Amino acid sequence: MTSDTPLLHASGVSKRFGAVVALKDASLTIKKGEIVALMGANGAGKSTFVKVLTGALKRDNGTVKIHGADQHIGSPGAARRAGLVPVYQEPSLIPDLDVADNLALGNTPVEPFLHWVEALGISGLRLDDMIGNLPLATLRILDLARALASEPEVLLLDEMTAALPTDLVEKVLAVVRGQADKGQAVIYISHRFTEIAEICDRATVLRDGETVGDLAIADGVEDKVVELMLGAALGAGPAVAEASARPTGVPRLDVHQLRAGTRLADVSLQLFPGEVLGVVALEGQGQDELFDAIAGMIRPDGGTMAVNGKEVRFHHPADAIAQGLTFVPGDRAEGLLMQRSVHENIALPMLARMRNWGAIKMRREASKVRDAVARMQIDIRAQGEVQRLSGGNQQKVTIGRWIATGVETLLLFDPTRGIDVRTKRQIYGLVRELADQGAAVLYYTSELAEVPAACDRAVVIFQGRVVDVIPADRADEQTLMRAAYGLTNAHEVPA
Amino acid sequence: MSATENIPRLTRMGRFLRDYPIIPLIILLICLIATLEFLRPGIVNERWIGNTIKFAIPLAMLAACQTLTMLTGGIDLSASVAATISAFVMATQVPIVGAPLAICIGLVPAILIGLVNGFGVAACRVHPLIMTLGTGLIATGCLQVYQRFVIASGSVVPEGLAWLGTGRTWGMPNALLVFVPFAVLIIWAQRRTGFGRLLYALGSNETAARISGVRSWQVYLALYALSGLIAGVAGLIYVGLIKAPSLSLVNPLLLPSVAAAVIGGTSIFGGRGGYAGTIVGALILTVLGTLLTLMQIPEGARRIFFGLIILAVTTVYIKLTDQS
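Top line first, the protein sequences correspond to chains A and B. Read left to right, the first sequence gives residues 14 to 508 (the numbering used here). Read left to right, the second sequence gives residues -17 to 306 (the numbering used here).
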C-alpha cells in the first residue's frame, strides 16, 4: 500500500427511499491527514451520504473502498470496526443513564474519553452525572470525545459546532486539526464557511444527491462552492413577482431582538400589511423558534413583539390568534386532525373559544367551509378522513382553516415542502391575493427559488441573527445562498 | 370514479365500516337475538325486551362517561365509584333531608370527583387512567368513612327513583323517559356543538387543536366534571333498579362500561367513535349476558366465554376498520 492510496474512497453511491431519490451519484475521496468539507444546500443528500458511509443506511449501488479494499459496511458496528466513526447532528447518548453507563454501552475506554473531554474544554465532568441533566453543548462535546476515544481513522462530523458557544468551537476546531496532523482523516459537514476555511483542505460539493465538485480551499472558494450548490438553477428562476411598493406606516408585526431557545439569538423584523415577507435560513438557524414564538407556541427568552404598534405577550396560541396571528406549521401532521373530515378540520378554529362551545350554526359553518374549500381549490372527492387526501390537499386544508376565519397575519412555515408544482403555484397565487387584500404574510421557505416567486422581500437568518434583508428583485438564488451562509459584508444590515 | 375502483374491496369495506360503524353492530345484535330465539323459542317477547333495555340503560349511561373521555384519548375509571357514591349518599340522606334535596346532595360528590379528575388531567397532565384510578380509590375510602357517620339513620330509595328504575309504562321501562332525551342530547352534542367537536379534535391531535387556539385545560375540566355528573345520574337510576344501596353498588359495571364503548367503535386512542355505537354496544353486552345465562353454562365458563367474545368482536372490528 502506497501513501497515495486513499483512506476512504466512495464512488457512484446511490440511495432511494420509495420514489424519492436521495442520492444519485455521490462520491468522496479522503486521504490520510486530510480534512474534507462535505457541502450542499438543504436536501442535497449530505446526511444520507454520511449515514450510508457509516452503515446506518444500506446503499443501493456504488462502491466504498477503505485502504483500497472493497468494504461492505452493513451496520454501524461494522463501520466502527473499519475505523469510520460518526458524530451525528443530534446528541446520541441515552438521557436516562449516567456517563459511565453510556460509555459502557459502546465499549468506549474511559481514560482516553476523559482525556478528550478535558482537551475539548469541559472540566468537572463526573462519571455519575446523568446525561439528561447536562446542557446540550456539553452533550455534543461528549459525543465527540466518545468518537475520538475509539481512535477513528476517519471521523465524520455532522454539524458538530452548530449548538456550541464560541470558546468551545475553537477548542473543537483545534482538536479536529490535531487529528489530521496526527495522520487521521476527518469529513466535516458545516454551514459555516469561516470554520471550513480555517481547518479544511478540500470541499466536496453535493447537489441533488450527486457530487458536482471537489475544490481545494483557497481564497474566493466560497463563490465557487455556492455556484456549484445551485448549479443550473442559477439565473433560470421563475418570474419575479410584481413587488408591491415599499411598505410604510405602522407595521402589522414588529419583532424586536427576539431570543428563544439555544438557536434564536437576536432577530428583529418588521412585517407590513399587504406584504409577503420571506424568511430564508439554512436548517436550524433559529427560524423554527422564531415562528413558534410569534405564534405563541413557545415563550421567548427575551425581546419584544408588537402588533399594530401595541406590545403583545403570548402565553398560548389563542393569544396570538386573538391578535390576528395565525400559524401554519411546517409539519402537516402537526396541524391536522388526520382522522377527521375536511369540514371539521377547517371549522376547528371557529369553535376554539369557550363562547363557541354551544350549538353550532350548521348552515353558517357549512357556507364558510364551502367558501374556504372553493378558494383553496381543495379536491374533496376523497370524502371522509383528511389522511386519505394527497399531501398538497392536506396543506391546503391547514391554510384554508385560516381563510375561513378571515386572514390578518399569516405565518407560513415552509408551506410547499413536498408538494407538487401545480399546488405550489396555487399557493403562491393565494398568498399574493391575500396580501393584495391587506393581509400580512410571513413566509419561511427552504426552497430559495420560491423567494422571488412569492415574496416582496426576504430576511436572511444565520446563526439566530438577521444577516441581510433582500428585496425580491435582487433575490436571486446566489445572493440568497451567499447570505444564508453568512457571507454578507457588502452592505449594512438594517437593525 | 376510477380512483375508487382501484382500492381493494376489503379496504373499501373497512372504510365504509369506519364511516358507518353502527351498521355491523346492529347486525351483530340482531344475530345474537336470533340465536337466543332459536335456542329458546318464544323467549323474545315484549317482557324480555323491556327487561333487557332496563338493565342496559345504567350500563349505557356509565358507558357514556367512557365514550366521551375516550374521544379525547382518556378514560374515566372513577365513573363507577362516582355512581356508587351518588346513590349511597342520596339513599342515606333521604331519611334526613327528604328525597328532592337528597338527590341534589347525592350528585355533589360525583361532580366533585369529576372536577378533581379534570384538574389532574388538565393542569397537572396526569394520565387519565392513573388520575381516575386514583380519585376512584380515594373516593371509595371517603365513602367508607362517610358510612360510619350515617350508619344509624338507615337508607331509603325514594319512590320516584324506584318507579324510574323498575316501573313500566305500556311494557316499556320508565327509565327510557330519562335515557332517550339523554342519548339524543349526547349524540346531538358530540357532532353539533363546539364542545363535542373539540373532544374529537383533542383526541385526534392535541397540537393541532392548540395551534387552532383551543385551550385544552378548559375542555378537560368541563369534560371530566360532565362525566362525573353523568355517572352520578346513572348511579341514581341504578339504585332505583337494584333498590339496595351498598358500598360497591355500581362497581361491577365499570369494566363492562369500558367494553361497551370499545365494542361500540370508540377508539381508546381518541378521535374516533361516538355514543350511538356505545348504546348498541351496551345492548350487545346485556343480550350476551342473558344468552350465556340461558345456556346454563357454569359461572366460570360463562366468564371465559364473555371475555373471549368481547375480545373477538373488538379484534375483528379493529382489523376491519384499520384498513386505511
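We put the beta carbon where it would ideally sit given N, CA and C, even for glycine. On a predicted model such as this, the values are computed, not experimentally measured, just so you know.
Which residue marks the beginning of the alpha helix (DSSP H) containing Glu196 of chain B, and which one marks its end?
The amino acid at residue 196 of chain B is misidentified as Glu; the sequence shows Val. It is not in any alpha helix (DSSP H) - Val196 of chain B carries neither H nor E in the DSSP assignment.
Just verifying my parser: in three-state terms, what is the DSSP assignment at Glu211 of chain A?
helix
If you reduce the DSSP assignment to three classes, tell me which class Trp308 of chain A lands in.
A quick correction: the sequence has Ala, not Trp, at residue 308 of chain A. In this structure, Ala308 of chain A counts as coil in the three-state DSSP scheme.
Around the C-beta of Ala82 of chain A, are 16 or more other C-beta atoms found within 10 angstroms, so that it is buried, or is it exposed?
exposed
Within 10 angstroms of its Cβ, does Asn187 of chain B collect 16 or more other Cβ (buried), or is it exposed?
buried
With 16 other Cβ atoms within 10 Å as the buried cut-off, status of Pro71 of chain A
In the sequence under discussion, the amino acid at residue 71 of chain A is Lys, which differs from the Pro named in the question. Exposed is the call here.
Under 8 Å, Cβ to Cβ, is there at least one residue of chain A near Gln172 of chain B?
no
Lys28 of chain A lies in the alpha helix (DSSP H); which residues open and close that run?
It is not in any alpha helix (DSSP H) - Lys28 of chain A instead sits in the beta strand (DSSP E) that spans 21 to 30.
Which two residues bound the contiguous alpha helix (DSSP H) that contains Phe20 of chain B?
4 to 21
Tell me whether Asp17 of chain A is buried or exposed, calling it buried when 16 or more other Cβ atoms sit within 10 Å of its Cβ.
exposed
Environment of Trp170 of chain B [buried if 16+ CB atoms lie within 10 Å]
exposed
Where does Leu50 of chain B fall in DSSP's three states?
helix
Check each residue of the region 169 to 200 of chain B: if its Cβ is closer than 8 Å to any Cβ of chain A, include it; give the result in chain order.
Arg174, Thr175, Gly176, Phe177, Arg179, Leu180, Tyr182, Ala183, Ser186, Asn187, Thr189, Ala190, Ala191, Arg192, Ile193, Ser194, Gly195, Val196, Arg197, Gln200
Every unbroken beta strand (DSSP E) inside the region 57 to 95 of chain A [3 residues or more]:
74 to 79
Looking at chain B, is there any beta carbon in it that lies within less than 8 Å of the beta carbon of Ser24 of chain A?
no
Note down, in chain order, each residue of its chain lying with its Cβ closer than 7 Å to the Cβ of Ala158 of chain A, except the 5 sequence neighbours on either side.
Phe126, Trp129, Val130, Leu133
6 Å CB neighbourhood of Ala104 of chain B in its chain, flanking five on each side removed
Trp199, Tyr202, Leu203
Within chain A, the residues that Arg254 of chain B reaches when beta carbons sit closer than 7 Å
Gln352
CB of Arg276 of chain A within 8 Å of CB of Gly477 of chain A, strictly
yes
Just curious, the alpha helix (DSSP H) that Ile245 of chain B is in, first and last residue?
236 to 245
Hey, could you find the ends of the beta strand (DSSP E) Lys323 of chain A is sitting in?
323 to 325
Opposing strand residues paired with His269 of chain A [DSSP bridges]:
A:Thr317
CB contact check: Gly371 of chain A to chain B, cutoff 8 Å:
yes
Rounded separation between Ala308 of chain A and Gly337 of chain A - CA only
10 Å
Chain-order list of residues whose beta-carbon lies under 6 Å from that of Ile95 of chain B (same chain, five-residue window excluded):
Ser60, Ala64, Thr117, Ala121, Gly210
Determine, for Phe304 of chain A, whether the minimum Cβ-Cβ distance to residues of chain B falls below 8 Å.
no
For Ser380 of chain A, count neighbouring Cβ atoms within 10 angstroms of its own Cβ and tell me buried if that reaches 16, exposed if not.
exposed
Ala183 of chain B versus Tyr299 of chain B - alpha carbon distance
23 Å
Considering only their Cβ atoms, is the gap separating Thr66 of chain B from Leu237 of chain B smaller than 8 Å?
no
Taking only beta-carbon positions, decide if Pro507 of chain A is within less than 8 Å of chain B.
Interpretation of Pro507 of chain A is limited by its pLDDT of 47, a score under 50 that renders its predicted location unreliable; no figure is taken from the coordinates.
Using a Cβ cut-off of 8 Å (strictly closer), state whether Leu41 of chain A contacts chain B.
no
Can you pull the chain B neighbours of Gly7 of chain A, defined as C-beta to C-beta under 7 Å?
Coverage of chain A is limited to positions 14 through 508, which leaves residue 7 of chain A absent and any answer about it impossible.
For Glu460 of chain A, which residues in chain B fall below 8 Å Cβ to Cβ?
Ordered by position in chain B, no residue passes the 8 Å Cβ test against Glu460 of chain A, which lies about 23 Å from the chain.
According to a CB-to-CB cut-off of less than 7 Å, which residues of the region 310 to 337 of chain A neighbour chain B?
His329, Pro330, Ala331, Ile334
Name the DSSP bridge partner or partners of Gly291 of chain A?
A:Tyr456, A:Ala471
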